[in-house]
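Residue 613 is where the sequence shown ends in full-length UniProt numbering, and the numbering goes up by one at each step. C-beta atoms are modelled at their ideal positions from N, C-alpha and C, and glycine is treated no differently. Please read all numbers here as calculations on a predicted model, not as lab measurements.
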Amino acid sequence: MCGIVGWIDAAHKTKEKASILDQMANTLQHRGPDDYQKWVEGPAAFGHQRLIVVDPAGGKQPMIRKARDEEYILCYNGELYNTDDVRDLLKAKGWTFQSHSDTEVVLVSYMEWGTACVDYMNGIFAFSVWEKNRERLFLARDRLGVKPLFYSDRGDGVMFASEMKALLAHPEVTSAVDSDGLHELLSLGPSRTPGEGIFQEINEIRPGHRAVFENGKLKIDRYWNVKSAPHEDSFDKTVARVRELFMDASQRQLVSDVKLGTFLSGGVDSSAITAVAAEKYKQDQLGALQTFSIDYKDQEKFFKKNAFQPDRDEAFINLVSAQNQTKHSVMEARTEDLVSRLKRAVELRDLPGMADVDSSLLWFCEEIKNHVTVALSGECADEIFGGYPWFYRKEDKERKGFPWIRSLNERVTLVRQDLKGDIDIEWYMLKRYQETVAETPLLTGEDEDSKKHRQMSYLNMNWFMQTLLERKDRMSMGASLEVRVPFSDHRLVEYVWNVPWSMKFHNDQEKGLLRQALRGILPDKVLFRKKNPYPKTFHPDYTKAVCTWMEETLADPNAPLFDIFDRDQVRKLNDSEGKSIDTPWFGQLMTGPQLIAHLCQIDHWLRTYKVTF
């Protein structure tokens, strides 16, 4: 993976532009610490921070090729999983290649098919192509939004980058936040509306979208979405097809010229990926697959069962590792490991995040990076197959708005009284919810229950999954670790989209269809284990540490947090160690100390980014 940055603007001189480009690209060094290259000519400037994964010599960027009196310059972040297939198609059309990198295949694909090139790609990507003579810029992002791509439309010019910090490093882009941005923070945070960058001058290319900038105009269109159609396959045929697609996606994503491993939580998703990868390693005589799990110091002493986390992961991890003969490492995080990275996690997201759910993942990825450069992870399965309680639990299905935002009353309570005339938290949340529901591709003639399940799946794919993919990208790339997600393969997503809920919820169990498809791959104890979310710490020292951080914030009369939040209400929350609010702020895990830490992260974000409203 890499970090990309680009800037089209005829007004600046080349020398000045190169200096500013370096400044912007330098903020993305963590995404690509192995090499930095740039290309600056005329109105265009591109920078590329490279993390070498495939073809060290042949994959250098920006990559340049000439054909038909045109010169094409590519900046690419991602991995293609059908590189050989696309290369063969292009060879049949007469194209030749100087490397075995997917980068060259992406560039030549654009040279052959133009803006339709994305239709041929199976992978995770965000990239730009500049046609020098025509002075046209093309931007594209992968179908499910695994790789990020932000932009700032300057009217007569445009900037883009892998992360918002690179755009904010440009002297003409400010960190101002308007009313919508403030609503995003208070109504939806730590999620955000697809396409919104929170900062007033920054937006995001949505998943499955592409853009063209030419003659001073930026035009964006959607090239991919799920399509609703009747599902004709029997249950047995559906199970077989899901298994086939999952196996193919997982095996394709094992291609790498550097060391590779898998996340292993002991849950169904990561365990299945691990089993497939371990078998492939065995067939190819590559030795034992390296697998990694996270735990917390003294977790066995302080762990408390709840509806979301019914048991610990250790026994299930050991079972999967032993069965697949993996070389397993348990990374045990201390409280100070989590707390010391809470601020860095904000700086990697460029926004307040999910507290220690972020910082623990950052630490975990840093530890994994000591062993491998690429890892496979189980993200996306729950959104695609219906693994969360809100897919089937009556009270969640009937809740107004996003089922993972149950804290509307708490959000309103914490906001300053004098802002409540300008801020309508519930209205904004419901507005964004209804926009997505209205966008859902429905099937004519379906009954009301089937319609509701499609809408729930679409909401999860476009919102909850995006939040988790953003977290995984920023924290992993913050550690210069490439993470791949086989369950985001668009072929699998397209197929499962039309499978009826009765099949997905086979045997009245979340992801029942997926579990049937994985029979024989996983031991039954793992296969039919109740879903457990990403583990959080229960250590009282963590609570003490974040409460101390908040006490320091409360003691600061100029703390920007209290330009938005009510100081007395936050003090009450902190005095109770977070127990005065027992509803998760977001998702399933952000209660108590996680909420306090999230508020501290908001304060750090306001200070560090010098946010103005």
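Determine the contact status of residue i and residue j, defining contact as a CB-CB distance below 9 angstroms.
i, j, result
"W95", "V106", "no"
"A211", "I205", "yes"
"V485", "G578", "no"
"M121", "N77", "no"
"N498", "L443", "yes"
"S128", "C75", "yes"
"E332", "I273", "no"
"M63", "G32", "no"
"L289", "Y542", "no"
"K397", "W390", "yes"
"V320", "A275", "yes"
"A161", "G401", "no"
"P560", "L606", "yes"
"L573", "K472", "no"
"K343", "H604", "yes"
"V415", "L186", "yes"
"H209", "R154", "no"
"L469", "K369", "no"
"I4", "L137", "no"
"S457", "E383", "yes"
Express the C-alpha separation of residue j and residue i in angstroms, rounding to a whole number.
i, j, result
"H598", "Y110", "42 angstroms"
"K280", "P171", "49 angstroms"
"D422", "D180", "11 angstroms"
"E131", "K431", "39 angstroms"
"T152", "Q200", "Looking at the sequence shown, residue 152 is not Thr but Ser. Their Cα atoms are separated by approximately 9 angstroms."
"T27", "G478", "11 angstroms"
"C117", "R474", "27 angstroms"
"T608", "A166", "15 angstroms"
"S450", "R87", "40 angstroms"
"I596", "K17", "42 angstroms"
"A57", "T174", "38 angstroms"
"L188", "W463", "10 angstroms"
"S99", "V483", "23 angstroms"
"V330", "K60", "35 angstroms"
"D356", "A176", "27 angstroms"
"K15", "Q23", "13 angstroms"
"D84", "K91", "10 angstroms"
"N225", "S265", "30 angstroms"
"E552", "R571", "11 angstroms"
"G386", "L218", "36 angstroms"
"V40", "A10", "12 angstroms"
"Y495", "F125", "21 angstroms"
"T583", "T591", "6 angstroms"
"D102", "G123", "10 angstroms"
"P557", "E163", "32 angstroms"
"V412", "R393", "25 angstroms"
"P441", "E448", "14 angstroms"
"D340", "R334", "Reading off the sequence, residue 340 comes out as Ser, not Asp. Cα to Cα, the separation comes out at about 10 angstroms."
"A169", "L21", "9 angstroms"
Taking only beta-carbon positions, decide if residue i is within less than 9 angstroms of chain D.
i, result
"M503", "Protein chain content of the structure displayed is limited to a single chain, and chain D is not contained in it."
Using the DSSP secondary-structure output, state which residues sit across from residue i in a beta bridge.
i, result
"W39", "F46"
"N77", "A126"
"Y223", "Paired residues: none, contrary to the question."
"G3", "Q49"
"residue 635", "Here the chain comprises residues numbered 1 to 613, so residue 635 is not present and cannot be evaluated."
"L218", "F213"
"D295", "E332"
"T583", "Answer is none; T583 lacks a bridge partner."
"residue 619", "This structure leaves residue 619 out entirely; the chain is present only between 1 and 613."
"V415", "F565"
"K327", "Q290"
Of all the alpha helix (DSSP H) runs that stay within the bounds of the segment 421-473, which reach a length of 4 or more residues? 425-439, 448-459
I want to know whether the segment 350-370 touches the segment 486-496 - three or more CB-CB distances under 8 angstroms. With the cut-off at 8 angstroms, the segment 350-370 and the segment 486-496 do not touch.
Quick one: any contact between the segment 243-259 and the segment 528-540, if contact means 3 or more CB pairs under 8 angstroms? no
If we count Cβ pairs, one from each stretch, closer than 8 angstroms, do we get three or more for the segment 537-554 versus the segment 600-607? A contact is defined here as three or more CB-CB pairs under 8 angstroms, and the segment 537-554 meets this definition with respect to the segment 600-607.
Do the segment 221-231 and the segment 42-53 make contact, defined as three or more Cβ pairs closer than 8 angstroms? No, they do not touch.
Would you call the segment 129-144 and the segment 61-71 in contact, with 3 or more CB pairs under 8 angstroms? yes
Any 3 or more C-beta pairs closer than 8 angstroms across the segment 334-354 and the segment 185-199: yes
Please determine if the segment 433-440 and the segment 314-331 are in contact, where contact requires at least 3 C-beta pairs separated by less than 8 angstroms. Flag = no, the segment 433-440 and the segment 314-331 do not touch.
Three-pair Cβ contact test at 8 angstroms for the segment 499-506 versus the segment 285-303: no
Do the segment 512-522 and the segment 241-250 make contact, defined as three or more Cβ pairs closer than 8 angstroms? yes
Could you tell me which uninterrupted alpha helix (DSSP H) segments, each at least 4 residues in length, are contained entirely in the segment 3-31, listed from first to last along the chain? 14-26
Mind pulling the beta strand (DSSP E) runs of 3 or more residues that sit fully within the segment 372-401? 374-376
Segments assigned alpha helix (DSSP H), at least 4 residues, entirely inside the segment 150-190: 164-168, 179-183
Restricting to runs no shorter than 4 residues, where is the alpha helix (DSSP H) found entirely within the segment 473-535? 490-497, 501-504, 512-517, 524-527
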